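For reference, the structure discussed in these notes is given below.
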Ligand SMILES: Nc1nc2c(ncn2[C@@H]2O[C@H](COP(=O)(O)OP(=O)(O)O)[C@@H](O)[C@H]2O)c(=O)[nH]1
Ligand SMILES: [Mg+2]
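Here it is as C-alpha cells:
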C-alpha cells in the first residue's frame, strides 16, 4: 500500500538544517513529497502542479519558526494554503428573494444525489424552511420510489406523478405546487448522467432554464479520482454550478478530488455527506479536509505542538516580564489584542481558581474601535516612552494626542488603565502566574486563543 | 437510458466504450512524441503525467516510465514512435499476469448446483444494475437464474432490482425492506436448490469498507450461503466504479479480506474515467477483472479482456 508518507517525508528532510529562512533546497526536497501526497490523495495532476508552484513561491524566503524544522515549516505553509484553496471557512446556501428557492441537484451516476436531496430537505426544514421534494429521475428503475420512501421517513412533502415520464413537466408541476402551497424551497433530484451525454446534459439545461434554480449543486463522490476535473468542468460549463456537496466522506478516501473540484468549479463546497442516515450531512470544514488530503497527520500534529510550544514560550516570557515588572506599553497593546480574541478579561480571570470577581476589570473590556484608538495612541509614543510610561508628562501627552488624533483625556485614561493593569498583574504574578497554573489554563481551550496572557 | 441501440458487435461496443479514453490518451501521447526525433526526458515526464491522469497511480506510473527510461538508456528504444508500444506492453503485462495467476471461476465449470455469485462494493458503484445485466446474460445463455435481493437497507432497492429481474426474465426472492440480508440468502438458496436453479445472483447493499459492522455482516451472509450450498458463494465479485481514484486499492483490500472477493467488475467505462486504479489492484492482489460495464442498458456489460482493453487504449490508428 502507500508507504508511510510522513516517515518518508521526515527521512528526506532530516538532513536539512535550519538556516533561519527557507531556501530553494529545503523547498524542493519538501515539495517532492508534497506532490506525491497530493497525487496519492487523487488531486488532479495539473492542479497539483499549479498548487505546488504557488506554495513554492510563497515559501521561498519565509522565516523559519524556531521550533520547526524547515520541512515542517513547508508542510505548515502547504496545509494553510490547502485550507485557503478549499475555501477557508464555511459556506452556506443562498435563497432567492422570491420564494420558492429552487435547488437543483446534479451529478454523475451513483454519486449520492437522491440521499443527499433527502438530507438537504431535512437540514433545511430543521432551519425552519418548508422544502418540497421532487424526483426528476424518470430513467433509473425505482429512483422516484427511493425518494418517496426517503421523504416519507422524514415526514416531508414530495410531489409525485408516477405516470409522468417527462422531467420538464414534473419540474414545472412541482414548481407550481410549491408556489401555490407556499413551500419556500423546492429541491429537484435529477437522474445521474455522464457529462459527455449530450442529450441528458441538454435536458439539465432545459430544467435549469425552466426553474431558475438559486442553487445548482454538484453532488460528487469523495472517492473520485482524476476524472473529477473533467466531469465537474463539463457540468459547470453546461449548467453553471453554485456549489458542491462532497459525499461519502465517512469512508477513508483522502478526498483530493475536492481540490480539483474547487479548482475547476471555483465555487464553495457547501456540505459534506458523512453517512447513509438522513441526518448525516454537515457543513464542510476546509481545515479538516486539508489535513486529510495531506495525509501527514503526525507531521501536522508535530507542527501544532510546535506552535503551541511557541505560544507557551511567548506566554512564559510575558509572565516573566510581568514578574520583573517589565510589562510595558507595547506588551499592553499586544495583550489587548489577545483579549479581543479571547473575550472579556473578567470572564477569563473568573475561570482561575482562587480569584473571585475582580472589581474594576470591566473597565478593561474594549471594543474593536476602542482598540484601534488604543493602538493609535501607543503607536504615537516613542519607543522610550513605551518602556518608561512615567516620563510621559503633560507635554508629551499633548503630543501623543495630536499624533494619534485622539483627545488628551483618552490618552490619560489609557495610561491609567495601563498602570492599573500593571499593578494588578504584579500582585497576581506572585501567587498565580506559576507555570503549573498556566498548564492548567491550557487545558481549557479558548477559541482562537494564541499567545495570550496565559498562553 | 433510451433503448434505441441497434445490436453492435462485441468488439465494436468495447471500442466505442473506450473510444474516449483511447482518443484522449492516444492524442496526448502523439502530441508528446509528434515530430520529435529523439526521446527526451521531458517526453517521459509528460507520459508519466498521462498515466497518472488515468488514475494509474504514482507508483505504477513511475515504475512503467522507469522501465521505459532504462530501455532508452540501454539504447533498446530510440524512436519516439515506439514509446507508446513500450508502455502498452508494460501495462498489458500487469493485467495478463493477474488474469493468469487467478483461476478463472466459471459457471460452466464443475457443476455446483446452484452456482452462487455475490456482488459487493461501496455505495453507488453499480451493483444492482450490473446484477441485472448479468442475469440477462446468463438467461440468454440458456441458464436458469434466481436473483436474491439481499439489499434490505437502501430505500427502494428491492423495487429497483425487481425491474431488472423482470427485464431479464429471472425469478427473484425478496423480503420486506429492513429485513435481515442473511435470511434472504437462506430463502433464496433453499428455493434455488428446490427448483434446481443453475445460478443464483446475490445483490448486496452498498457499504463503505471502513464500516466494520457492515463488513462483518458480509462475512455472516457468506457463512449462511456456505451452510446451504457447498462452496457458496462460488464467486464474490467487487463492483468498482471507474471514476474511483486511489481509494479503490483500499476498497479492494478490505472487501477481499472480509468477503473473499475473487474478481472485479469495473463499471461506468462509458464515461471519461479510465479506472486506472485496477492496475494497482490486480498487481497487489492478483485477482482478475471479469466484466466491464459500459452503459445503463441491459446488454452494456462485456467480458473483460486485457488485450482488447489495453489495445483499445493504445493500439491502431484512429479510424
Ligand atoms: N454510465 C453508466 N452508469 C452505470 C453503469 N452501471 C451502473 N450505472 C448507474 O450507476 C447508478 C448506480 O447504480 P446502482 O446499480 O443503483 O448501484 P449500487 O448502489 O451499487 O447498486 C445508477 O444510476 C446506474 O444506472 C455503467 O456501466 N455506466
Ligand atoms: Mg444496489
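Protein chains in written order, with the working numbering: chain A, 161 to 615; chain B, 67 to 385.
The C-beta atom is built at its ideal place from N, Cα and C for all residues, glycine as well.
None of the values given here were measured: they were computed from a predicted structure.
Between which two residues does the alpha helix (DSSP H) containing residue 194 of chain B stretch?
Position 128 of the second chain, counted from the first residue, corresponds to residue 194 of chain B. Note, residue 194 of chain B: alpha helix (DSSP H), 193-206.
Fill in: Chain-ordered neighbours of residue 132 of chain B on chain D, where CB pairs are closer than 7 angstroms
You won't find chain D in this structure, because its protein chains are A and B.
key: Backbone CA spacing between residue 68 of chain B and residue 417 of chain A [nearest angstrom]   = In the second chain, counting from the first residue as 1, residue 68 of chain B sits at position 2. In the first chain, counting from the first residue as 1, residue 417 of chain A sits at position 257. Here residue 68 of chain B scores only 39 on pLDDT, less than 50, and its place in the model should not be relied on; the value that follows carries that caveat. Cα to Cα, residue 68 of chain B sits roughly 31 angstroms from residue 417 of chain A.
| message | Tell me the residue span of the beta strand (DSSP E) that contains residue 556 of chain A. | response | In the first chain, the residue the question calls residue 556 of chain A occupies position 396. Run containing residue 556 of chain A: none in the beta strand (DSSP E); it sits in the alpha helix (DSSP H), 554-564.
Local conformation of residue 215 of chain B per DSSP, three classes:
The residue you call residue 215 of chain B lines up with position 149 of the second chain. Strand at residue 215 of chain B.
*Quick one: is the Cβ of residue 134 of chain B within less than 7 angstroms of any heavy atom of ligand 1?*
Translated into positions along the second chain, residue 134 of chain B becomes position 68. It does not: the Cβ of residue 134 of chain B is nowhere closer than 7 angstroms to a heavy atom of ligand 1.
Legend entry - Interface flag, residue 118 of chain B vs chain A, CB-CB below 8 angstroms: Sequence index remark: in the second chain, residue 118 of chain B carries index 52 (1-based). With 8 angstroms as the cut-off, residue 118 of chain B counts as an interface residue toward chain A.
Original post:
Comparing the C-beta of residue 190 of chain B with each C-beta of chain A, is any distance below 8 angstroms?
Top reply: The residue given as residue 190 of chain B occupies position 124 in the second chain. Closer than 8 angstroms to some Cβ of chain A, the Cβ of residue 190 of chain B qualifies, so yes.
Could you check if residue 194 of chain B belongs to the surroundings of ligand 1, using beta carbon to heavy atom distance under 7 angstroms?
Locating residue 194 of chain B in the second chain gives position 128, where the first residue counts as 1. Yes, the beta carbon of residue 194 of chain B sits closer than 7 angstroms to at least one heavy atom of ligand 1.
For this session: Please list the partners that residue 417 of chain A has in chain B, where partner means a Cβ-to-Cβ separation under 8 angstroms.
Result: In the first chain, the residue the question calls residue 417 of chain A occupies position 257. Chain B residues near residue 417 of chain A: 311.
query = Regarding residue 381 of chain A and ligand 2, is the C-beta to nearest heavy atom distance less than 7 angstroms?
reply = Numbered from 1 along the first chain, position 221 holds the residue referred to as residue 381 of chain A. No, the beta carbon of residue 381 of chain A sits no closer than 7 angstroms to any heavy atom of ligand 2.
Review point. Since residue 323 of chain B meets chain A, which of its residues come closer than 7 angstroms, beta carbon to beta carbon?
Key: Here residue 323 of chain B corresponds to residue number 257 of the second chain, with the count starting at 1. Per Cβ cutoff of 7 angstroms: no residues; residue 323 of chain B is ~13 angstroms from chain A at best.
query = Helix, strand or coil: how does DSSP classify residue 456 of chain A here?
reply = Within the first chain, residue 456 of chain A is the residue found at index 296, counting from 1. In the structure shown, residue 456 of chain A sits in coil (DSSP, three-state: anything other than H, G, I, E or B).
| What residues from the stretch 202-230 of chain B come within 9 angstroms of chain A, judged by C-beta to C-beta, listed N to C? | 219, 220, 221, 222, 223, 224, 225, 226, 227, 228, 229, 230
Practice task
Kindly provide the ranges of any beta strand (DSSP E) runs that are 3 or more residues long and lie completely inside the stretch 413-466 of chain A, ordered along the chain.
Solution key: 429-433, 441-443
task: With a threshold of 7 angstroms, establish whether the CB of residue 223 of chain B neighbours any heavy atom of ligand 2.
output: By one-based count along the second chain, residue 223 of chain B stands at place 157. At least one heavy atom of ligand 2 is nearer than 7 angstroms to the Cβ of residue 223 of chain B, so yes.
- Query: Under the rule that 16 or more other beta-carbon atoms within 10 Å means buried, what is residue 254 of chain A, buried or exposed?
  - Reply: Reading the first chain from its first residue, position 94 is the one you call residue 254 of chain A. Classification of residue 254 of chain A: exposed, given that the 10 Å Cβ count is below 16.
How many Å lie between residue 455 of chain A and residue 187 of chain B at the Cα?
Sequence index remark: in the first chain, residue 455 of chain A carries index 295 (1-based). Sequence index remark: in the second chain, residue 187 of chain B carries index 121 (1-based). If I take the Cα positions, the gap works out to 24 angstroms.
*asked:* When you compare the CB positions of residue 226 of chain B and residue 351 of chain A, do they come within less than 8 angstroms of one another, or not?
replied: Along the second chain, one-based indexing puts residue 226 of chain B at 160. Along the first chain, one-based indexing puts residue 351 of chain A at 191. No, the Cβ-Cβ distance between residue 226 of chain B and residue 351 of chain A is not below 8 angstroms.
On a Cα-Cα basis, can you pick out the residue from A:398, A:228, A:577, A:551 that is closest to residue 531 of chain A? Along the first chain, one-based indexing puts residue 531 of chain A at 371. Residue 531 of chain A has its Cα closest to that of A:577, out of A:398, A:228, A:577, A:551.
Item checked: Extent of the continuous beta strand (DSSP E) to which residue 263 of chain A belongs -> Position 103 of the first chain, counting from 1, holds the residue named residue 263 of chain A. Segment 261-266, the beta strand (DSSP E) holding residue 263 of chain A.
ask   = When the Cβ atoms of the stretch 335-342 of chain B are set against those of the stretch 384-394 of chain A, are three or more pairs found closer than 8 angstroms?
value = yes
Got a sec: does ligand 2 put a non-hydrogen atom nearer than 7 angstroms to the Cβ of residue 273 of chain B? Within the second chain, numbered from 1, the residue matching residue 273 of chain B stands at position 207. Residue 273 of chain B: no, Cβ never under 7 angstroms from ligand 2.
Notebook entry, point to check: Are the C-beta of residue 584 of chain A and some C-beta of chain B separated by less than 8 angstroms?
Noted result: The count along the first chain starts at 1 and reaches residue 584 of chain A at position 424. No - not a single Cβ of chain B is within 8 angstroms of the one on residue 584 of chain A.
Notebook entry, point to check: Closest Cβ-Cβ distance between residue 413 of chain A and chain B: below 8 angstroms?
Noted result: In the first chain, counting from the first residue as 1, residue 413 of chain A sits at position 253. Yes - at least one Cβ of chain B is within 8 angstroms of the one on residue 413 of chain A.
Please go through the same chain and pick out, in chain order, the residues whose beta-carbon is closer than 6 angstroms to the beta-carbon of residue 77 of chain B, but skip the five residues on each side of it.
For this step, residue 77 of chain B is matched to residue 11 along the second chain. Low confidence applies here, because residue 77 of chain B scores a pLDDT of 47, under 50, leaving its location unreliable and the question unanswered by this model.
Cβ-based burial, residue 319 of chain A [other Cβ within 10 Å; buried from 16]: Sequence index remark: in the first chain, residue 319 of chain A carries index 159 (1-based). Residue 319 of chain A comes out buried.
Would you please state the rounded distance, in angstroms, between the beta carbons of residue 229 of chain B and residue 240 of chain B? I believe it to be under 8 angstroms. On the second chain, position 163 is the one that residue 229 of chain B refers to. On the second chain, position 174 is the one that residue 240 of chain B refers to. Not confirmed; about 12 angstroms, so no contact.
Exercise. With 16 as the cutoff for other CB atoms within 10 Å, does residue 263 of chain B come out buried or exposed?
Worked result: On the second chain, position 197 is the one that residue 263 of chain B refers to. Buried is the call here.
query: From residue 254 of chain B to residue 374 of chain B, what distance separates their C-alpha atoms?
result: Walking along the second chain from the start, residue 254 of chain B turns up at place 188. Walking along the second chain from the start, residue 374 of chain B turns up at place 308. Approximately 36 angstroms between the Cα atoms of the pair.
Please state if the CB of residue 368 of chain B and the CB of residue 360 of chain B are separated by a distance shorter than 8 angstroms.
As a first step, residue 360 of chain B must be located in the second chain, where it is residue number 294. As a first step, residue 368 of chain B must be located in the second chain, where it is residue number 302. Contact flag set, yes.
Notebook entry, point to check: Three-state secondary structure (DSSP) at residue 154 of chain B?
Noted result: As a first step, residue 154 of chain B is located in the second chain; it is residue number 88 there, counting from the start. Here residue 154 of chain B sits in helix by DSSP.
Q. Shorter than 8 angstroms from the beta carbon of residue 200 of chain A to some beta carbon of chain B?
A. Stepping through the first chain from its first residue, residue 200 of chain A is reached at position 40. Closer than 8 angstroms: yes.
Looking only at its own chain, which residues have a Cβ that is under 6 angstroms from the Cβ of residue 353 of chain A, when we skip the five neighbours before and after it? Working through the first chain from its first residue, we reach residue 353 of chain A at position 193. For residue 353 of chain A, where only same-chain residues beyond five positions count, the Cβ hits under 6 angstroms are 360.
Checklist entry - Among A:391, A:370, A:197, which residue has its Cα nearest to the Cα of residue 123 of chain B? => result Your numbering for residue 123 of chain B matches position 57 in the second chain. Residue 123 of chain B has its Cα closest to that of A:197, out of A:391, A:370, A:197.
- How about residue 377 of chain A: is its C-beta nearer than 8 angstroms to some C-beta of chain B? Against the first chain, residue 377 of chain A aligns to sequence position 217. No, because no Cβ of chain B sits closer than 8 angstroms to the Cβ of residue 377 of chain A.
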